[in-house]
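First to last, the sequence lines map onto chains A and B.
Under our numbering, think of the first position of the first sequence as 11, with each following residue one higher.
Under our numbering, think of the first position of the second sequence as 11, with each following residue one higher.
Positions of the beta carbon are idealized from the N, C-alpha and C atoms, including for glycine.
2 protein chains.
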Amino acid sequence: MQLNIKMIAEMAGVSVSTVSKIMNNYSDVSEKTKQRVLEIIEQTGYLPSNSAKTLATKKSSLIGVIFAGELNVDFTHPFFVEVLNSFKKQMGVLGYDLIFFSNEKFISGGDYFSRCLHFHVDGCVIISGQKMENAIQELDMSSIPCIGVDLELKGKKSGYVMSDNFKISSKVVEHFYLLGYRELGFIGSTADSNISNKREEGYIKAIEGFGMTVNEKWFVHGDDFFEPSGYAAMKQLLQAGNLPKAIFAASDLLALGAIRALKEHGLRIPEDVAIIGCDDIEACKYTSPKLTTIRQNKERLGVLAAHMLFDLINNQSEGGSFVVEPALVVRESCGSQNR
Amino acid sequence: MQLNIKMIAEMAGVSVSTVSKIMNNYSDVSEKTKQRVLEIIEQTGYLPSNSAKTLATKKSSLIGVIFAGELNVDFTHPFFVEVLNSFKKQMGVLGYDLIFFSNEKFISGGDYFSRCLHFHVDGCVIISGQKMENAIQELDMSSIPCIGVDLELKGKKSGYVMSDNFKISSKVVEHFYLLGYRELGFIGSTADSNISNKREEGYIKAIEGFGMTVNEKWFVHGDDFFEPSGYAAMKQLLQAGNLPKAIFAASDLLALGAIRALKEHGLRIPEDVAIIGCDDIEACKYTSPKLTTIRQNKERLGVLAAHMLFDLINNQSEGGSFVVEPALVVRESCGSQNR
DNA sequence: AGCATTATCGAAACCGATTTCGATTTTTCA
DNA sequence: TGAAAAATCGAAATCGGTTTCGATAATGCT
């Protein structure tokens with residue numbers, strides 16, 4: 011038999027309600043009995059059942075984590091997983107644990123809202139670089155607090171965090187420009203990816219802003235943000251002939267895929283083609299050439315997401331968004347080798 | 011007000027118990043009423059409250075995930091996260107969701123057993139390459155089904171999966187040997203790491219098995235399995251002078267760190283020093299030189315862990331262990347460049 | 001038809017907590 | 001000292017399910 015509140019009450023010679031009050035910091039219990047009960051709790055190592063508590067209070071201290079979209083986003087995604095890691099830590103100090111919904115469990119694959127109710131999550135975080143789906147929209151519009159990571163949630167109890175994608179692109183273009191590059195290409199994810207689209211838009215705007223011309227032949231797209239997509243996209247560019255001098259890839263993995271294709275063709279980076287990636291994942295440091303990229307502050311994204319969600323849960327916020335500053339990280343793939 | 015079983019019962023004109031029976035495949039309910047109720051459930055999208063169900067049955071359909079140990083194992087660990095990803099998928103098709111315990115939430119930091127009871131998890135998976143701690147031991151010895159990943163759990167309701175670490179080492183040594191290397195070094199993690207120790211032991215045995223001599227000067231250790239540790243360990247070797255001709259690193263990241271140090275010293279890989287890593291993480295393909303390594307079948311480790319745990323939960327297994335075969339992946343860091 | 005089975009259903013106890021509200025005890029203060 | 005106020009505590013309802021067991025209805029059989 012599991013240790014429960016009733017047993018604690020009996021051991022302490024008080025009622026169940028008194029024990030409960032002590033555990034929830036009610037004021038109408040004397041210091042003396044409080045100490046006595048606390049001691050027993052300490053000795054026995056009693057922890058209240060989360061299900062019983064959740065049933066009674068409708069609060070579970072659980073945050074749902076949803077990997078949304080069809081872009082293969084899961085634990086193996088090096089960018090999101092770092093944001094998630096930071097988010098988890100921060101949520102932990104705020105007193106919450108994380109629950110991951112299996113997409114496989116429900117054939118419907120999508121009714122996130124029901125599942126949130128099912129587990130009585132206090133809030134949830136939705137991770138996705140994709141355009142809005144219906145199932146997410148339903149959640150967004152519900153009364154369950156939600157935070158999107160790279161996903162623009164607009165509901166009353168929603169918010170989101172993302173990097174300033176326009177600034178990401180303009181930093182890239184500026185760097186290219188200052189190094190003398192004028193023929194700029196782009197490798198993005200699918201048109202389904204909101205983030206990729208934003209970066210592309212910003213890229214085009216920035217190119218025009220610097221008085222250069224955009225050549226659409228040099229804009230290609232993969233199926234997601236992963237390496238093989240970058241490889242395939244670059245292949246496409248190579249087959250068409252007439253390469254740009256510099257390429258901005260919407261993720262580091264896309265950039266690495268592009269580099270692999272380039273190398274296979276006997277091309278040198280950055281001498282023949284300069285490459286800038288995006289995200290600044292760990293692997294950037296180990297590749298050859300080391301990848302020049304735009305760093306997204308993943309730790310900060312995670313921390314902000316956690317705090318926003320916490321405030322939303324506690325009605326101390328009306329939602330909204332946080333946009334974090336990106337930073338250029340100069341390494342070796344773009345002609346200007348620092349240190 | 012939340013949609014609950016009572017409301018469904020009223021809508022269908024049956025009792026609460028009947029609805030419950032239908033949802034749990036009891037046989038004592040007629041096909042006719044079953045269909046009627048099912049239809050209402052379908053229409054309303056009713057999902058039973060997990061907390062209520064858990065409270066009543068003591069089964070939560072939740073699997074606890076524990077990152078144990080002090081070796082900085084979390085979502086950013088490229089090997090474990092892939093195992094976890096596969097585990098999560100498989101657990102999903104078996105009908106379970108995952109809950110991640112925050113280490114930050116409880117200052118005690120360790121009472122995993124209580125937390126498992128607190129959430130009524132049906133089982134848990136413990137991820138760690140470290141020696142056994144007390145808090146884990148308690149869980150291991152409890153009646154909660156547990157699976158260790160790279161952690162040898164011995165309890166009656168426990169099991170574990172890991173790669174055949176001796177074979178990993180012997181494959182490395184064999185490869186070195188056949189390529190003519192005779193002066194072999196090793197970079198491991200701390201002495202706290204059971205896995206690292208196993209690989210080291212196996213390495214030594216294999217070296218002796220091939221009639222070579224082991225030189226302890228060439229055996230160094232970092233603080234964990236990450237890149238900076240490999241860098242630091244290699245620095246140590248470099249300062250001592252008199253390098254081995256080939257080095258086996260107990261993880262790919264350690265290998266990459268070592269390579270970075272080597273490059274800084276103007277040494278070439280594999281011409282001056284050959285390196286073999288371990289795990290076969292994604293990054294191996296993007297580095298320069300591409301890393302020759304021993305592949306651990308992460309997907310299979312995850313699937314096996316899931317099935318073992320499922321069997322343990324359903325009393326269809328007495329525990330035990332699964333050891334999966336490693337495979338040599340020849341790339342560029344060890345003198346024999348395939349394709 | 002009449003009785004024994006079997007099929008179908010519901011009442012009620014229970015799981016382990018929270019919370020309201022009333023009862024009792026203690027304290028305060030004139 | 002005695003009445004009013006405040007402090008302390010517990011009984012019981014509640015949350016949303018599951019499960020046992022008895023009641024009733026339907027069916028089988030001679």
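Under 9 Å between C-beta atoms of B:Ile304 and B:Ile217: Your numbering for residue 304 of chain B matches position 294 in the second sequence. Your numbering for residue 217 of chain B matches position 207 in the second sequence. Their beta carbons are not under 9 Å apart, which means B:Ile304 does not touch B:Ile217 by this criterion.
9 Å Cβ cutoff, A:Ser203 in contact with chain B: Numbered from 1 along the first sequence, position 193 holds the residue referred to as residue 203 of chain A. No, A:Ser203 lies away from the interface with chain B (no Cβ there is under 9 Å from its Cβ).
From B:Glu193, B:Leu266 and B:Ser152, residue whose alpha carbon lies closest to that of B:Lys227: Residue numbering aside, residue 227 of chain B sits at position 217 when the second sequence is read from its first letter. Among B:Glu193, B:Leu266 and B:Ser152, the Cα nearest to that of B:Lys227 belongs to B:Glu193.
Three CB pairs or more closer than 8 Å across the stretch 81 to 101 of chain A and the stretch 283 to 301 of chain A: yes
Chain A contacts from the stretch 92 to 110 of chain B (Cβ-Cβ distance under 8 Å): Glu92, Leu94, Asn95, Lys98, Lys99, Met101, Gly102, Val103, Gly105, Tyr106, Asp107, Leu108, Ile109 and Phe110
Spatial neighbours of A:Lys300 in its chain, beta-carbon cut-off 6 Å, leaving aside the 5 residues before and after: For this step, residue 300 of chain A is matched to residue 290 along the first sequence. Arg341 and Glu342, listed in sequence order.
Residues in the stretch 288 to 304 of chain A having any Cβ partner in chain B nearer than 7 Å: Ala293, Tyr296, Thr297 and Ser298
Buried versus exposed, by CB contacts within 10 Å (16 or more), A:Glu211: By 1-based counting over the first sequence, the position of residue 211 of chain A is 201. Answer is exposed; the Cβ neighbour count stays below 16.
Helix, strand or coil at A:Thr297 [DSSP, three-state]: By 1-based counting over the first sequence, the position of residue 297 of chain A is 287. Of the three classes helix, strand and coil, the one that applies to A:Thr297 here is strand, per DSSP.
Simplified DSSP state of B:Ser37, which is helix, strand or coil: Here residue 37 of chain B refers to the residue found at position 27 when the second sequence is read from its first residue. B:Ser37 falls in the coil class under three-state DSSP.
Pair within 9 Å by beta-carbon distance, B:Met21 and B:Thr54: In the second sequence, counting from the first residue as 1, residue 21 of chain B sits at position 11. In the second sequence, counting from the first residue as 1, residue 54 of chain B sits at position 44. Yes, the pair counts as a contact, with Cβ atoms nearer than the cut-off.
Where B:Leu94 sits in the DSSP three-state scheme: Residue mapping note: residue 94 of chain B aligns to position 84 of the second sequence, counting from 1. Helix, per DSSP.
Whole-Å CB distance - B:Phe123 paired with B:Ser70, under 8 Å assumed: Along the second sequence, one-based indexing puts residue 123 of chain B at 113. Along the second sequence, one-based indexing puts residue 70 of chain B at 60. At roughly 16 Å, the Cβ-Cβ gap does not stay under 8 Å, so B:Phe123 and B:Ser70 are not in contact.
B:Val171 beta carbon less than 9 Å from that of B:Ile157: Residue 157 of chain B sits at position 147 when you count from the first residue of the second sequence. Residue 171 of chain B sits at position 161 when you count from the first residue of the second sequence. Yes. Within cutoff.
C-beta neighbour in chain A for B:Arg125, strict 9 Å: Here residue 125 of chain B corresponds to residue number 115 of the second sequence, with the count starting at 1. Taking Cβ atoms only, chain A reaches closer than 9 Å to B:Arg125, which makes this a yes.
Assumed close pair A:Val339, A:Thr302 - CB separation to whole angstroms, cut-off 8 Å: Within the first sequence, numbered from 1, the residue matching residue 339 of chain A stands at position 329. Within the first sequence, numbered from 1, the residue matching residue 302 of chain A stands at position 292. Yes, A:Val339 and A:Thr302 are in contact; Cβ-Cβ is about 7 Å, under 8 Å.
Partner residues on chain A for B:Thr406, Cβ-Cβ distance less than 8 Å: With chain B covering 11 to 349 only, the question about residue 406 of chain B has no answer from this structure.
Runs of alpha helix (DSSP H) lying entirely within the stretch 200 to 268 of chain A, each at least 4 residues, in chain order: 204 to 219 and 237 to 250
Limits of the unbroken beta strand (DSSP E) element including B:Ser25: Numbered from its first residue, the second sequence carries residue 25 of chain B at position 15. It is not in any beta strand (DSSP E) - B:Ser25 carries neither H nor E in the DSSP assignment.
Chain-order list of residues whose beta-carbon lies under 7 Å from that of A:Tyr56 (same chain, five-residue window excluded): Working through the first sequence from its first residue, we reach residue 56 of chain A at position 46. Here the set comprises Leu13 and Ile18.
A:His231 classed as buried or exposed, judged by whether at least 16 other C-beta atoms fall within 10 angstroms: The residue you call residue 231 of chain A lines up with position 221 of the first sequence. The residue is buried, with at least 16 neighbouring Cβ atoms inside 10 Å.
Top-ranked residue by Cα proximity to A:Gly195, from A:Ala250, A:Asn144, A:Gln147 and A:Gly329: Looking up residue 195 of chain A in the first sequence gives position 185. Looking at the Cα atoms, A:Ala250 is the closest of the given residues.
Close Cβ partners of A:Pro336 (< 7 Å) along its chain, the five nearest in sequence each way excluded: Your numbering for residue 336 of chain A matches position 326 in the first sequence. Counting only Cβ-Cβ distances below 7 Å, and skipping sequence neighbours, we find Ser173, Asp174, Lys177, Ile178, Lys181, Ile304, Arg305 and Gln306.
Through-space distance from B:Leu48 to B:Val24, alpha-carbon basis: Taking the first residue of the second sequence as position 1, residue 24 of chain B is located at position 14. Taking the first residue of the second sequence as position 1, residue 48 of chain B is located at position 38. Taking the straight line from one Cα to the other gives about 12 Å.
Among B:Leu253, B:Ile76, B:Thr28 and B:Pro58, nearest to B:Gln140 - alpha-carbon criterion: Taking the first residue of the second sequence as position 1, residue 140 of chain B is located at position 130. Cα-wise, what sits closest to B:Gln140 is B:Ile76.
For A:Gly165, the residue or residues it bridges with in DSSP: The residue given as residue 165 of chain A occupies position 155 in the first sequence. Its beta-bridge partners do not exist; DSSP assigns none.
Anticipated Cβ contact below 8 Å, B:Ile109 with B:Gly74, distance rounded: As a first step, residue 109 of chain B must be located in the second sequence, where it is residue number 99. As a first step, residue 74 of chain B must be located in the second sequence, where it is residue number 64. Sure, about 6 Å apart at Cβ, within 8 Å.
Beta-bridge partners of A:Met172, as assigned by DSSP: Translated into positions along the first sequence, residue 172 of chain A becomes position 162. Beta-bridge pairing links A:Met172 to A:Val333.
Cutoff 6 Å; reference A:Gly133; Cβ partners in own chain excluding five residues on either side: As a first step, residue 133 of chain A is located in the first sequence; it is residue number 123 there, counting from the start. Contacts found: Ile73, Pro155, Leu319 and Ile323.
Per-residue DSSP class, three states only, for A:Ile15: Indexing the first sequence from 1 puts residue 15 of chain A at position 5. Reduced to three states, the DSSP call for A:Ile15 is helix.
First and last residue of the uninterrupted beta strand (DSSP E) at B:Phe320: In the second sequence, counting from the first residue as 1, residue 320 of chain B sits at position 310. That residue, B:Phe320, is in no beta strand (DSSP E); its alpha helix (DSSP H) goes Lys308 to Ile323.
Contact under 9 Å by Cβ, B:Met151 with B:Gly169: The residue labelled residue 151 of chain B in the question sits at position 141 within the second sequence. The residue labelled residue 169 of chain B in the question sits at position 159 within the second sequence. Going by C-beta atoms, B:Met151 is not nearer than 9 Å to B:Gly169.
Distance, B:Leu277 Cα to A:Asp107 Cα: The sequence position of residue 107 of chain A within the first sequence is 97, counting from 1. The sequence position of residue 277 of chain B within the second sequence is 267, counting from 1. Taking the straight line from one Cα to the other gives about 47 Å.
Delimiting residues of the alpha helix (DSSP H) encompassing A:Phe123: As a first step, residue 123 of chain A is located in the first sequence; it is residue number 113 there, counting from the start. Segment Tyr122 to Phe129, the alpha helix (DSSP H) holding A:Phe123.
Contacts that B:Leu57 makes with chain A (C-beta to C-beta distance below 9 Å): The residue labelled residue 57 of chain B in the question sits at position 47 within the second sequence. In chain order: Asp121, Ser124, Arg125, Leu127 and His128.
For A:Thr297 and A:Leu266, believed in contact at Cβ under 8 Å, the rounded distance: Here residue 266 of chain A is taken as the residue at index 256 of the first sequence, counted from 1. Here residue 297 of chain A is taken as the residue at index 287 of the first sequence, counted from 1. Contact flag correct, Cβ pair sits at about 6 Å.
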